[in-house]
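Protein sequences, first through last, are from chains A and B.
Per the numbering used here, the first sequence runs over residues 600 to 710.
Per the numbering used here, the second sequence runs over residues 2 to 115.
We put the CB at the ideal spot given by N, CA and C, even for glycine.
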Amino acid sequence: DVVMTQSPLSLPVTLGQPASISCRSSQGLVHSDGNTYLSWFQQRPGQSPRRLIYKVSNRDSGVPDRFSGSGSDTDFTLKISRVEAEDVGVYYCMQGTNWWTFGQGTKVEIK
Amino acid sequence: EVQLVESGGGLVQPGGSLRLSCAASGLTFSNYWMHWVRQVPGKGLEWVSRIKYDGIVTMYADSVKGRFTISRDNAKNTLYLQMNSLRVEDTAVYYCARDDYAYWGQGTLVTVSS
Numbered sequence: 600d601v602v603m604t605q606s607p608l609s610l611p612v613t614l615g616q617p618a619s620i621s622c623r624s625s626q627g628l629v630h631s632d633g634n635t636y637l638s639w640f641q642q643r644p645g646q647s648p649r650r651l652i653y654k655v656s657n658r659d660s661g662v663p664d665r666f667s668g669s670g671s672d673t674d675f676t677l678k679i680s681r682v683e684a685e686d687v688g689v690y691y692c693m694q695g696t697n698w699w700t701f702g703q704g705t706k707v708e709i710k
Numbered sequence: 002e003v004q005l006v007e008s009g010g011g012l013v014q015p016g017g018s019l020r021l022s023c024a025a026s027g028l029t030f031s032n033y034w035m036h037w038v039r040q041v042p043g044k045g046l047e048w049v050s051r052i053k054y055d056g057i058v059t060m061y062a063d064s065v066k067g068r069f070t071i072s073r074d075n076a077k078n079t080l081y082l083q084m085n086s087l088r089v090e091d092t093a094v095y096y097c098a099r100d101d102y103a104y105w106g107q108g109t110l111v112t113v114s115s
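Right, here's the structure in full:
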C-alpha cells in the first residue's frame with residue numbers, strides 16, 4: 600500500500616501570511632500512463648471534501664489562485680500564498696496512482 | 002450542476018446490514034467509474050470501494066472486502082453500497098464521489114453500535 604504522510608498535522612497561521620503543507624508518498628506516484636495522480640482537498644468544518652488541485656499542480660475551477668500545488672515523484676507541496684479566514688479547515692493530499700490513499704490531514708487555523 | 006446525494010445511513014447493531022444509495026444528477030452517470038470513501042467523525046478519509054461505469058469491475062479496500070458490495074443501476078443513475086457483517090469500526094460518514102474526485106456527495110452517517 601502507498602502511505603501518504605503529511606506535515607505538519609496542525610498549522611496555525613496569521614491572516615495574510617503564507618502557508619505550506621508537505622505530503623510525501625512511500626513510493627513514486629508516476630503512473631504508467633505518465634501522469635502523477637496527486638490531488639489536494641480542502642474540508643471546511645461540517646462540509647464534504649472539495650478538490651482544489653489535481654495531477655500535482657492543476658487548480659480546479661473556482662479555486663482562488665492563492666492556492667498552488669507543486670512537487671514530483673514522492674514529494675509534494677500545497678501552498679497558500681496569503682491565508683484568508685475562509686481557508687480554515689483540514690487539507691488532505693490523496694494519491695490515485697496505485698489504488699487510492701489519503702494523507703492524515705493538516706488542520707489549518709488562524710492564530 | 003453535478004449533484005451526488007447519499008442516503009440510507011443510520012444506526013445498526015454489530016453484525017447487521019445496511020444499504021447505502023447515492024443518487025447522481027447533472028452528469029452522464031453511465032460514463033463514470035464511481036467511488037465510496039468513508040470518514041470516521043473527527044478523523045481522516047479512507048477509500049472504500051470503486052466500480053467501473055458498466056458495473057463489471059469492482060475494487061475494495063482490505064478492511065471491507067468480503068463484507069461490502071458496490072453496485073450501480075445506470076438506468077436509475079444510482080450507486081449502491083451493500084454493507085453486511087457490520088462492525089463498530091465501520092462507523093463513519095460515507096461519501097460517494099466521481100472517479101476524478103471532483104464531485105462528492107454530502108455524506109450519510111452510519112453508526113454501528115449495540
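Label residue i either buried or exposed according to how many other C-beta atoms from any shown protein chain fall within 10 Å of its C-beta, with 16 as the threshold for buried.
i: T696 (chain A); result: buried
i: G702 (chain A); result: buried
i: P648 (chain A); result: buried
i: L5 (chain B); result: buried
i: S86 (chain B); result: exposed
i: Q626 (chain A); result: exposed
i: D686 (chain A); result: buried
i: R20 (chain B); result: exposed
i: T613 (chain A); result: exposed
i: L608 (chain A); result: exposed
i: E7 (chain B); result: buried
i: V41 (chain B); result: exposed
i: Q616 (chain A); result: exposed
i: R707 (chain A); result: The sequence given here has Val at residue 707 (chain A), not Arg. It counts as buried.
Among the candidates the options, whose CA atom is the shortest distance from the CA of residue i?
i: D600 (chain A); options: A:T700, A:G645, A:C622; result: A:T700
i: V662 (chain A); options: A:F675, A:W639, A:T676, A:S671; result: A:W639
i: E47 (chain B); options: B:Y104, B:G17, B:T92; result: B:T92
i: G56 (chain B); options: B:G108, B:G10, B:G16, B:M35; result: B:M35
i: G645 (chain A); options: A:L608, A:G688, A:L628; result: A:G688
i: T109 (chain B); options: B:G17, B:V3, B:S22, B:S18; result: B:S22
i: D74 (chain B); options: B:A25, B:V65, B:Y104; result: B:A25
For residue i, which residues in the same chain have their Cβ closer than 6 Å to its Cβ, ignoring the five residues on either side in sequence?
i: R665 (chain A); result: I679, S680, R681
i: M60 (chain B); result: R51
i: Q642 (chain A); result: P648, G688, V689
i: R39 (chain B); result: E47, V49, A93, Y95
i: D672 (chain A); result: G627
Go through its chain and collect everything with a Cβ distance to residue i's Cβ below 8 Å, but skip five positions before and after it.
i: S669 (chain A); result: V655, S656, F675, T676, K678
i: A62 (chain B); result: E47, W48, V49, S50
i: V89 (chain B); result: P15, V113, S114
Excluding sequence positions up to five away, which residues of its chain have a Cβ less than 7 Å from the Cβ of residue i?
i: D100 (chain B); result: Y33, W34, M35, H36
i: H630 (chain A); result: Y636, T696
i: L12 (chain B); result: T112, S114
i: Q605 (chain A); result: I620, S621, C622, C692, G702, Q703, G704, T705
Does the count of Cβ pairs from the stretch 71-82 of chain B and the stretch 22-36 of chain B closer than 8 Å reach three? Verdict: yes, contact present.
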